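Participant:
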Amino acid sequence: MLRKLFNVRVSTYIIPKGNLKIDIKYFKPTQIYDCQRANINTKSQSRTTDQDIHNSTPKLKPANCVSLRLSQNTNVEYSQREIIKFFKPYLQNLKKDNGNDNRVQSLVVLATPSHIAWLENKNIRNFISQLFLDHSSKSLRKVDVICACVDGLAPNSEEINCGQLANISEGISVFMSTSYSQSSNLLSTFQSSSSSSSSSSSSSRKAGIDDECSLSFQHGLDAITKLSHQITIPLANTIFTNGRRSTLIFSEWQITENGINQIEEPILPLKILIDIPTTMNNLSLQISAKSLTEPRIIENGFGNIVRKLRAEGQSPFPASHELEKVVAEAHRKNALHSNRGIWALVIPYSMLQKEKAVNTQLDINLPIEQVLDISYLESLVKNGAKIYRVLSGGGGWGAKEGLLALDPVISFGNTNEHQVEQIEDEISIYKNREIILGNMAQEGSLIQFLQTADRYKLSSPSPRNGIQKSEFVFGCQTVDIGKPITVDRPGDALIPGLFGCVSETGIFLQSPNIGSTKIDMPYSYIYTR
Numbered sequence: 001m002l003r004k005l006f007n008v009r010v011s012t013y014i015i016p017k018g019n020l021k022i023d024i025k026y027f028k029p030t031q032i033y034d035c036q037r038a039n040i041n042t043k044s045q046s047r048t049t050d051q052d053i054h055n056s057t058p059k060l061k062p063a064n065c066v067s068l069r070l071s072q073n074t075n076v077e078y079s080q081r082e083i084i085k086f087f088k089p090y091l092q093n094l095k096k097d098n099g100n101d102n103r104v105q106s107l108v109v110l111a112t113p114s115h116i117a118w119l120e121n122k123n124i125r126n127f128i129s130q131l132f133l134d135h136s137s138k139s140l141r142k143v144d145v146i147c148a149c150v151d152g153l154a155p156n157s158e159e160i161n162c163g164q165l166a167n168i169s170e171g172i173s174v175f176m177s178t179s180y181s182q183s184s185n186l187l188s189t190f191q192s193s194s195s196s197s198s199s200s201s202s203s204s205r206k207a208g209i210d211d212e213c214s215l216s217f218q219h220g221l222d223a224i225t226k227l228s229h230q231i232t233i234p235l236a237n238t239i240f241t242n243g244r245r246s247t248l249i250f251s252e253w254q255i256t257e258n259g260i261n262q263i264e265e266p267i268l269p270l271k272i273l274i275d276i277p278t279t280m281n282n283l284s285l286q287i288s289a290k291s292l293t294e295p296r297i298i299e300n301g302f303g304n305i306v307r308k309l310r311a312e313g314q315s316p317f318p319a320s321h322e323l324e325k326v327v328a329e330a331h332r333k334n335a336l337h338s339n340r341g342i343w344a345l346v347i348p349y350s351m352l353q354k355e356k357a358v359n360t361q362l363d364i365n366l367p368i369e370q371v372l373d374i375s376y377l378e379s380l381v382k383n384g385a386k387i388y389r390v391l392s393g394g395g396g397w398g399a400k401e402g403l404l405a406l407d408p409v410i411s412f413g414n415t416n417e418h419q420v421e422q423i424e425d426e427i428s429i430y431k432n433r434e435i436i437l438g439n440m441a442q443e444g445s446l447i448q449f450l451q452t453a454d455r456y457k458l459s460s461p462s463p464r465n466g467i468q469k470s471e472f473v474f475g476c477q478t479v480d481i482g483k484p485i486t487v488d489r490p491g492d493a494l495i496p497g498l499f500g501c502v503s504e505t506g507i508f509l510q511s512p513n514i515g516s517t518k519i520d521m522p523y524s525y526i527y528t529r
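In terms of full-length UniProt numbering, the sequence shown opens at residue 1 and continues consecutively.
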């Protein structure tokens, strides 16, 4: 029975798309994708010229990404016009380089559920047509467009450093990049991969309606080590909006002197990997947490189950005993935010052995209920420490007394399909239990229980001091804390140079030093510049 549970085979095809890597599980639909949404104003807008933009756009330094926070009732036309105005200076700079127009424009469009109409094929066509109006050339220009529906928009770095937004922001975030085609048969490679699985595409597509899709961002390769960070964001649940568990769309367009043409129908991939032009040294991690207990040594554990803990010079005790006392006392004082959950910071035994090498000071005597220094947590996680949500535990008796279960999910999808397929029977499953349950509660590791720290709440977006370098922000903000933000004047919510989103279920980070880890503490962010 266990073997059947884990023996899952999924056929995937990796398709190179310049600086985009697409993992296709189900293929193009039989009809043009269209969101089922009522009361959306999608009347065609008037043509906008560069002269109009020049007269109405503030003097901004060109940038290749922007976020536009909107109220729930803002129509598509308005938001498209605002974003097009912003990108015109960037396109004007590209226009100066007409000598080499063999280039591919890539657009990544993130929309929150209230603005999912943005992702409809007709609206994307209109957006591209207006965006590249008066920027066509004699040679063909190719535009790759990736659209995804996300839970919310990300705050900028100033907001992250000042406090936390009181609500999840709704709206649109767009990132534009330019690359030059290095393969003349790029399109044929794409078509060959699709056609090679045409016999199974129908059944795969039907099953894909219930799939949870993801969008991954790979932050620029290190010039010396050739290694990089990869951030994966689960997409929003859109089942009640368009009938799909997730909404992720890839489309290709060509711009000519005569207008814009769609190369073929949109494709609905399972996941897409996008390269971001930053270095690993520029990646920052912010986790706001306070300690509930002091760090303890894991005396006994198995997989994701912590059985016994031990303090220096003391006898082992059930894992939940100290935590139960803290929680009971906090509830008595009405000081514990029970809806936010409890997490465990686990510092692996191997990392403790290398403490001097990584120059990380581990303070074993931190007082209870102290807000942990953000740089302290960042350093720990970047060097291999993990933060797991505590799923259940406490109580019990005998062998089950005081057990704590940690969340075993450390990567999107969680299981290594190839490894799991090698498990033949229950005995093999026992021998390979670390593949299934992980090895989080390793004996000799340190564990400390945490909760989200209270921070100053920002009621409105913080203004940015002009357009700085483009920054990319991804984070976690839970649905039970935030609600869609209402902006009195949508135009005031334009945030230049910012691209990113938040997930209600957490994000996943994979890097050379730490492998894979899930970050799902509320108001945790990863950002780069």
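Quick reminder that beta carbons are idealized off the backbone N, C-alpha and C, glycines included.
As the structure is a prediction and not an experimental result, all values here were calculated from the model.
CB Met440 to CB Leu406, shorter than 7 Å?
Facilitator: In the sequence shown, the residue the question calls residue 440 occupies position 440. In the sequence shown, the residue the question calls residue 406 occupies position 406. Yes, these two residues count as a Cβ contact at 7 Å.
Participant: State the DSSP-derived secondary structure class of Leu268, mapped to helix, strand or coil.
Facilitator: Residue 268 sits at position 268 when you count from the first residue of the sequence shown. Under the three-state reduction of DSSP, Leu268 is assigned to coil, being neither helix nor strand.
Participant: I'd like the list of long-range same chain contacts for Pro316, defined as Cβ closer than 6 Å, with 5 residues on each side in sequence excluded.
Facilitator: Here the question's residue 316 lines up with position 316 in the sequence shown. Answer for Pro316: Glu299, Lys308, Arg310, listed in chain order.
Participant: Quick one: what does DSSP say Cys213 is sitting in, helix, strand or coil?
Facilitator: Here residue 213 refers to the residue found at position 213 of the sequence shown. In the structure shown, Cys213 sits in coil (DSSP, three-state: anything other than H, G, I, E or B).
Participant: Closest by CA to Gln448, which one among Lys354, Tyr349, Trp118, Ala344?
Facilitator: On the sequence shown, residue 448 is found 448 positions in, with the first residue counted as 1. The option with the nearest alpha carbon to Gln448 is Ala344.
Participant: Do you know whose CA, among Leu292, Ala111, Val104, lies nearest Glu324's CA?
Facilitator: If you number the sequence shown from 1, residue 324 lands on position 324. Ranking the options by Cα distance to Glu324, first place goes to Leu292.
Participant: Is the Cβ-Cβ distance between His321 and Gly402 less than 7 Å?
Facilitator: Locating residue 321 in the sequence shown gives position 321, where the first residue counts as 1. Locating residue 402 in the sequence shown gives position 402, where the first residue counts as 1. Against a cut-off of 7 Å, the Cβ pair of Gly402 and His321 comes out as a contact.
Participant: Rounded to whole angstroms, what's the CA-CA distance from Ser67 to Lys88? Just pull it up for me.
Facilitator: Working through the sequence shown from its first residue, we reach residue 67 at position 67. Working through the sequence shown from its first residue, we reach residue 88 at position 88. Their Cα atoms are separated by approximately 15 Å.
Participant: Please look up how many angstroms separate the CB atoms of Ile84 and Gln130, rounded, as I've assumed it's under 8 Å.
Facilitator: What you label residue 84 is simply residue 84 of the sequence shown in a count that begins at 1. What you label residue 130 is simply residue 130 of the sequence shown in a count that begins at 1. So it is a contact: roughly 5 Å between Cβ atoms.
Participant: Note the first and the last residue of the continuous alpha helix (DSSP H) segment covering His115.
Facilitator: Numbered from its first residue, the sequence shown carries residue 115 at position 115. That residue, His115, is in no alpha helix (DSSP H); it is neither H nor E in DSSP.
Participant: Give the straight-line distance between the Cα atoms of residue 575 and Gly444, rounded to the nearest whole angstrom.
Facilitator: There is simply no residue 575 to check, as the chain begins at 1 and stops at 529 in what is shown.
Participant: Between Cys213 and Leu283, is the Cβ-Cβ spacing less than 7 Å?
Facilitator: By 1-based counting over the sequence shown, the position of residue 213 is 213. By 1-based counting over the sequence shown, the position of residue 283 is 283. Their beta carbons are not under 7 Å apart, which means Cys213 does not touch Leu283 by this criterion.
Participant: Look up Glu471 in the DSSP assignment and give the residues it is bridged to.
Facilitator: Against the sequence shown, residue 471 aligns to sequence position 471. Paired residues: Leu498.
Participant: Look at the alpha carbon of Thr394 and the alpha carbon of Asn304, and state the distance between them as a whole number of angstroms.
Facilitator: Within the sequence shown, numbered from 1, the residue matching residue 394 stands at position 394. Within the sequence shown, numbered from 1, the residue matching residue 304 stands at position 304. The sequence shown places Gly at residue 394, not Thr. Each residue's alpha carbon lies about 15 Å from the other.
Participant: Need the endpoints of the beta strand (DSSP E) that Leu382 sits in, please.
Facilitator: Position 382 of the sequence shown, counted from the first residue, corresponds to residue 382. Contrary to the premise, residue 382 reads as Lys rather than Leu in this sequence. Not the beta strand (DSSP E): Lys382 falls in the alpha helix (DSSP H), residues 374 to 382.
Participant: Got a sec, what are the start and stop residues for the alpha helix (DSSP H) Ala328 sits in?
Facilitator: Translated into the one-based positions of the sequence shown, residue 328 becomes position 328. Its alpha helix (DSSP H) spans residues 321 to 332.
Participant: Out of Tyr78, Arg245, Asn75, state which residue places its alpha-carbon closest to the alpha-carbon of Ala148.
Facilitator: Locating residue 148 in the sequence shown gives position 148, counting from the first residue. Of the candidates Tyr78, Arg245, Asn75, the one whose C-alpha sits nearest the C-alpha of Ala148 is Arg245.
Participant: Looking at the unbroken alpha helix (DSSP H) that takes in Glu159, where does it start and where does it end?
Facilitator: Counting from 1 along the sequence shown, the entry for residue 159 is found at position 159. Note, Glu159: alpha helix (DSSP H), 157 to 162.
Participant: According to the Cβ coordinates, are Phe499 and Phe217 closer than 7 Å?
Facilitator: By one-based count along the sequence shown, residue 499 stands at place 499. By one-based count along the sequence shown, residue 217 stands at place 217. Cβ distance not < 7 Å, so Phe499 and Phe217 don't count as in contact.
Participant: Got a sec? Which residues, its chain only, sit under 6 Å from Thr238 by beta carbon, not counting five neighbours each side?
Facilitator: For the purposes of this step, residue 238 is taken as residue 238 along the sequence shown, with counting starting at 1. Contacts found: Cys149, Arg244, Thr247.
Participant: Would you mind listing the beta strand (DSSP E) stretches within the stretch 235 to 317 that are 3+ residues and don't spill past its ends, in chain order?
Facilitator: Segments of the beta strand (DSSP E) lying fully in the stretch 235 to 317: 248 to 256, 259 to 262, 271 to 276, 284 to 286, 289 to 291, 296 to 302, 305 to 310.
Participant: For a test of the three-state rule: what should DSSP assign to Phe412, helix, strand or coil?
Facilitator: Within the sequence shown, numbered from 1, the residue matching residue 412 stands at position 412. Phe412 carries a coil assignment under DSSP once its states are collapsed to helix, strand and coil.
Participant: Near Tyr349, what residues of its chain come up, given a Cβ to Cβ distance below 7 Å and the 5 sequence neighbours on each side ignored?
Facilitator: The residue labelled residue 349 in the question sits at position 349 within the sequence shown. These residues qualify, in order along the chain: Gln442, Gly444, Ser445.
Participant: According to DSSP, simplified to helix, strand and coil, what is Leu391?
Facilitator: As a position in the sequence shown, residue 391 is number 391, starting the count at 1. Strand at Leu391.
Participant: So what does DSSP say about Gly208, is it helix, strand or coil?
Facilitator: As a first step, residue 208 must be located in the sequence shown, where it is residue number 208. In this structure, Gly208 counts as helix in the three-state DSSP scheme.
Participant: Taking 6 Å as the limit between beta carbons, can you name the residues of its chain near Thr225, skipping five residues before and five after?
Facilitator: Your numbering for residue 225 matches position 225 in the sequence shown. Contacts found: none.
Participant: So, with DSSP's three-state summary, where would you put Ala405?
Facilitator: One-based indexing of the sequence shown puts residue 405 at position 405. Residue state, collapsed to three classes: strand.
Participant: Given the structure, does Glu329 come close to the ligand HEM, in the sense that its CB is under 6 Å from one of the ligand's heavy atoms?
Facilitator: Questions concerning the ligand HEM fall outside what the structure shown contains, since it holds no ligand whatsoever.
Participant: Alpha carbon to alpha carbon, how far is Leu273 from Leu215?
Facilitator: Reading the sequence shown from its first residue, position 273 is the one you call residue 273. Reading the sequence shown from its first residue, position 215 is the one you call residue 215. Whole-angstrom Cα-Cα distance: 6 Å.
Participant: What does DSSP give as the partner residues of Val109 in its beta bridges?
Facilitator: For this step, residue 109 is matched to residue 109 along the sequence shown. Paired residues: Cys147, Val174.
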